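With the UniProt record's numbering as the guide, the letters of the sequence shown map in order to residues 1 to 123.
Note that the Cβ used here is the ideal one computed from N, Cα and C, for glycine as well.
A quick note: this is a predicted structure, and the numbers were derived from the prediction, not measured.
Down below is the structure, laid out as structure tokens.
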Amino acid sequence: MNVFLWIVQAVLAAMFAMAGVMKSTQPKEKLAGQLPWTADFSQGTVRFIGIVEFAAALGLILPPATDIAPVLTPLAATGLIVVMVLAAITHARRKEPGAIAFNAALLIPAALVAWGRFGPYSF
């Protein structure tokens, strides 16, 4: 199970790192084509979301890999759960069911990592 959790953590970290870098470095107008929800938020909010996603990606991998404060890994996964719930709420308001399904598809592995690392498979 530990190896499985590492794989899930790595995939989540890669996805959120890419999304975080994209949101935190590109102007909102450029993101609007791929991410229409950005029209509802300020540039600063979109960048903040990107920074949070990137920080969570680092939190999924670096603490256990360096054995420095490994409790940060389940906390990072829990943070991603919160981000995905808030994203699903935003997409529900915008009536975007496909995006809600994608948020759920990311929330489930994040919840698995949080459960596994807080509980039976903590470091």
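Item: Inter-stretch contact (C-beta, 8 angstroms, three-pair minimum) for the segment 17-30 and the segment 48-58; Value: yes
Item: Top-ranked residue by Cα proximity to residue 99, from 80, 60, 85; Value: 85
Item: When 105, 101, 56, 10 are compared against residue 80, the one with the closest alpha-carbon; Value: 56
Item: Cβ-based burial, residue 116 [other Cβ within 10 Å; buried from 16]; Value: buried
Item: Span separating the alpha-carbon of residue 59 from that of residue 76; Value: 5 angstroms
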